[in-house]
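Residue numbers (the numbering used here): 33 to 342.
Glycine residues also receive a C-beta, built at the ideal position from the N, C-alpha and C atoms.
Beneath this line is the structure, given in structure tokens, with notes to follow.
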């Protein structure tokens, strides 16, 4: 990699300014690890520098732009809006090569981070019996079943690697079950302690809501000890994961699995609606199921009208 290549971190964006500040702070720390790299940042929504501007900034003076979706789960933003923005950027900057890595995803690196979170919570709870200590992985939630399935895989891995009787997943919006329902079930099944692990990179509106939810649950179930994890974007494993993506994952001309997909293009009119951060808009607010992609995932968009995005 040379200074003719720009690395563009694309964050989700949060209504909570602290969340966006943390993403920018992460980028600053990543630059310190690699002072020879040119690293830029933009967001999909709820920020000053959004996709089109971010891609334009990254393209200035560069021969290549490597886009890194700094997002845990690939739903509509990654599968629909980012490829659309890349297509526009390639038209505006034909002299620049745009390549893209996969999103952060739910692989071994994230599993290791979640396991560290669980170990820390168990120590805070004085290392209780795992057979009476439930675990809840709490994700953002999406209308995209593939994105939700990624979190389900992490729940299974946590179950396999530990001795907890119950390892469940819950979501803060769009899909089910919600945290309160899962906690109620675990209490009924005899759990005396419950470890709740938010699967979030940075703080934001939803992180604050989760804290308030857990406080209410503690009052509702005073006989249960609750442990609440934290967002984990500054974990060393996240920096290492991005290093791996830059150095080994994206070949020249690399594309997202939905970048250039004919089914995505057919679905745009139905799903790529106006968020206030994209140039493409579709009338109405339909929730019709999009065609299934060749690679096996449905293009169900994470709909803003159904979900108060963080």
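With DSSP as the reference, identify every bridge partner of residue 41, one or two as the case may be.
DSSP output for residue 41 lists 73 and 100 as bridge partner(s).
Looking only at DSSP bridge pairs, what is residue 225 linked to?
BP columns for residue 225 point to 165 and 257.
CB residue 132 to CB residue 146, shorter than 8 Å?
No; because the gap between Cβ atoms is not below 8 Å, this pair is not in contact.
For residue 36, count neighbouring C-beta atoms within 10 Å of its own C-beta (all shown protein chains included) and say buried if the count is 16 or more, exposed if not.
Exposed.
Are residue 189 and residue 143 closer than 8 Å when you measure CB to CB?
Against a cut-off of 8 Å, the Cβ pair of residue 143 and residue 189 comes out as a contact.
Measure the alpha-carbon distance for residue 218 versus residue 197 and round it to whole angstroms.
Spanning the two alpha carbons is a distance of roughly 10 Å.
Would you mind sorting residue 163 into buried or exposed? The rule is 16 or more other CB atoms within 10 Å of its CB.
The residue in question, residue 163, is exposed, as its Cβ has fewer than 16 Cβ neighbours within 10 Å.
At a cut of 8 Å, does the region 121 to 129 reach the region 85 to 100 through at least three beta carbon pairs?
Output reads yes: the region 85 to 100 touches the region 121 to 129.
Identify the residues that DSSP records as bridge partners of residue 82: which are they?
Looking at the DSSP assignment, residue 82 forms a beta bridge with 75.
Could you have a look at residue 52 and say whether DSSP puts it in helix, strand or coil?
DSSP places residue 52 in helix when its eight states are reduced to three.
Could you tell me whether the Cβ atoms of residue 269 and residue 141 are closer together than 8 Å?
Yes. Within cutoff.
Taking the C-alpha atoms as reference points, what is the distance between residue 134 and residue 274?
In a straight line, the C-alpha of residue 134 is about 10 Å away from that of residue 274.
Per the contact definition of three or more C-beta pairs closer than 8 Å, is the region 246 to 262 in contact with the region 223 to 234?
Contact holds: three or more Cβ-Cβ distances are below 8 Å.
If we ignore side chains and look at the alpha-carbon of each, how far apart do residue 194 and residue 91 end up?
Taking the straight line from one Cα to the other gives about 46 Å.
Hey, quick one: how far does the alpha helix (DSSP H) through residue 275 stretch, first residue to last?
Its alpha helix (DSSP H) spans residues 268 to 276.
Apart from the five residues on each side of it in sequence, which residues of its chain come closer than 7 Å, Cβ to Cβ, to residue 246?
The answer, listed in chain order, is 228, 258 and 260.
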